[in-house]
Every structure is written in C-alpha cells, then in structure tokens.
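Read in order, the letters of the sequence shown correspond to residues -27 to -1, 1 to 259 in mature numbering (1 follows the signal peptide of the UniProt record, and there is no 0).
Below is one structure, written out as structure tokens; comments come after it.
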Amino acid sequence: MKKCMVVAAVLAAVLIALTGCPNPAHNAPAEYTVTFSIDNDTNGTLSTKANGETITSGTKVTEGKTVVFTAEPKANYTATWTITGGAFEAGTGTYGSTTAKVKVTSDVTVKVSFLKLHKVDATLSVYAPLMNLDLAKGQPDKGEKFKPIVEGCQVTVDGDGKRMITVKFRKSYVNVKGLVSNTFIDPRNSKPGYYDMDGIKQDAPYTVSTDDTADDPEGEKVHYVTSMSFPVSKDKTEYFLWLYLNSSVMGAQSGDGKGTAGPNEPNEHSKYAGKFTVDWSTLTEE
C-alpha cells in the first residue's frame, strides 16, 4: 500500500511538471500569408513593409502586425487598390491614394493598378438665394481671385470601361455687397458625398488642405476639401454632390435640392442643389 502511494505521488508530480511547462507551439502567435501584386508594373512600382522591414509577396506575417503598401505611379497615372481577405485601415487604400495599410488578421491579397489620367471640363453650381449668387461658380468677372471653386477634373477608365472622376477644389472668394468673403468646402460636420445612379447618397473619398486654411463665419481656421472622387458614366453628364459650401458669411449644404433645410445647416437635406455637370466632349489624356 505504501509503495502504491509513493508511485501515485511521483506520477502526480510528473503531471504537475508537464502541465506547468510552457508549450511554445501553443503560445506562438498565428502567422498569415500576405500576397500582393501590380496589375501593370510598367506604369508604376510597389514597395511593401511589415514592421518596418521590406517583404516579398507570399511572406508570412505575425497576426496583429501592420503591413504598409506604398505605390509610386508614373507621371499622369494614379493608383487604385483592391483587397481580399482583409480591410484597409481608414483613410488608406482609397482611390488615388499612394498608401494602403492592413492590420493582419488572416491571409490577405492586395493588388494595385495604375490607371491613365485624363482631363475633362466640368462645372459645379450651388446657388444661395440669400446671397443672390452661386457659391460654387464664383464671380470671375470681378477679378482673378473670384474663381470657380472647381479647379480641375481628372478621369480614369479601368479595363472594364468603368470611370472614376477626381474633382479638385480650391479656396475661392466672392464679393457680397462690397464684403469680400472666402468660399470653401468644409468637411468638419458634413463629409463629401455624391448621389449614385439610383439617386442614393454615397460617401466619397476626399483630401483636405494641409498648409492652408479658410475662415468660417465664426472666424475659425478650417482645413478645407481639396479633392473628392466618385464613379461616373460616359452616358451621364449631370450629377448631384453632397458638399457643405462654407464662407466667412454663411454656409449652404448642397445635395439633390429636394430637402427643406436652409443656410448654416451642415449635413441636413437642403433645398440647395449641388449640380455637377461634365462635358465629355472635352475628355483628353493628360
């Protein structure tokens, strides 16, 4: 009996020792395969880093690490991104962006395409009755600084014939009864958007100024919208944009013009139509 008790004690000690030992295989963090490619490497390059180290396609990356993809398109080309098995971090991997970031949680595949840029003429109209002027068209007849708020437009066409337009905006000025006011697109309380082919409002990727600001009615300095991108069709010339056009006097939320909100009501469905018109006859390569 005593011998059995000794054997049992030894076995118990062994079991405790075994269960107390760490299991490297069990505790090791998961690794996932990161695959990436360029749709057409003659029009740009792609570099990829994980944890600050350059990696090649097919590399296994530890779960939770962030992989940074950096595209360098040739002149007059822009980058577009697709991802399978994961998601890009907010603000990256958008149309026209040169950087995409992915936090690894599974196997992931990323592809960048470089599309040729074309230029096209377009106009934006947002009429403000209280000011008796068009905040978007400006007043070019009053001088050089009173330009339209649209600075220019670029279009890409992918292999399936789908088109994307990037509208570039500037800070401009208007003269209201002798008072000169700056005009700009304010993203703080109303993110830029557009109405799709079915008339449904969609968000749009956009950029803001970094070295310049505009003054709102309270005198606050605002980093204004400098560009936005959205899908277009060669068979459609008129679109409605969701933009908050602000100034140092008042602001107007543009949309499809079918709402009831008045001035100084950002992100509310308003009576101000933001009509964007594209002249496809002017489409040419950059």
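Beta carbons: idealized from backbone N, C-alpha and C, even for Gly.
Keep in mind that this is a model prediction, so the values were computed, not measured.
Asked                                                                                                                                                                                        : Found
Just to confirm the assignment, what range does the beta strand (DSSP E) spanning Q127 have?                                                                                                 : 123 to 130
Please state the DSSP three-state secondary structure of N(-1).                                                                                                                              : helix
According to the neighbour-count rule (16 or more other Cβ atoms, all chains shown, within 10 Å of its Cβ), is T233 buried or exposed?                                                       : exposed
In chain order, what are the residue ranges of uninterrupted beta strand (DSSP E) at least 3 long that sit wholly in the segment 89 to 113?                                                  : 91 to 98
Would you kindly work out how many angstroms separate the C-alpha atoms of F142 and F157, rounded to a whole number?                                                                         : 8 Å
Quick one: residues in its chain with C-beta nearer than 6 Å to the C-beta of E211, no 5 flanking neighbours on either side, listed in chain order?                                          : T250
Please classify L108: is it buried, with 16 or more other beta-carbons within 10 angstroms of its beta-carbon, or exposed?                                                                   : buried
Run through DSSP, which three-state label would K118 get?                                                                                                                                    : coil
State buried or exposed for D252, treating a residue as buried only when at least 16 other CB atoms are found within 10 Å of its CB.                                                         : exposed
Starting from the C-beta of F119, find all residues in its chain whose C-beta is less than 8 Å away, skip the five residues before and the five after it, and write them out in chain order. : G111, Q112, P113, S145, Y146, V147, N148
L103 and P239: beta carbons closer than 8 Å?                                                                                                                                                 : no
Within 10 angstroms of its Cβ, does Q175 collect 16 or more other Cβ (buried), or is it exposed?                                                                                             : exposed
If you check the beta carbons only, do S206 and R136 fall under 8 Å apart?                                                                                                                   : yes
Whole beta strand (DSSP E) runs in the segment 188 to 238 with 3 or more residues, listed along the chain?                                                                                   : 198 to 205, 211 to 215, 217 to 220, 225 to 228
Beta strand (DSSP E) containing N148: first to last residue?                                                                                                                                 : 145 to 149
Relative to the alpha-carbon of S86, which residue among V123, A101, P46 has its alpha-carbon at the smallest distance?                                                                      : P46
Is residue 263 helix, strand or coil when you go by DSSP?                                                                                                                                    : Nothing in the structure corresponds to residue 263, since the chain is present only between -27 and 259.
With a 10 Å radius around its C-beta and 16 neighbouring C-beta atoms as the bar for buried, classify I122 as buried or exposed.                                                             : buried
I'd like the list of long-range same chain contacts for T8, defined as Cβ closer than 8 Å, with 5 residues on each side in sequence excluded.                                                : S30, G31, D80, V81, T82, V83
Cα-Cα, which of F42, T53, S200, S182 is closest to N13?                                                                                                                                      : T53
If you reduce the DSSP assignment to three classes, tell me which class P160 lands in.                                                                                                       : coil
Ends of the beta strand (DSSP E) at I138?                                                                                                                                                    : 136 to 142
Determine the DSSP secondary structure at A(-15), reduced to helix, strand or coil.                                                                                                          : Bear in mind that the predicted position of A(-15) carries a pLDDT of just 49, short of 50, making it unreliable; the figure below should be weighed with that in mind. A(-15) falls in the helix class under three-state DSSP.
Would you report the Cα separation of Y50 and T129, rounded to the nearest angstrom?                                                                                                         : 9 Å
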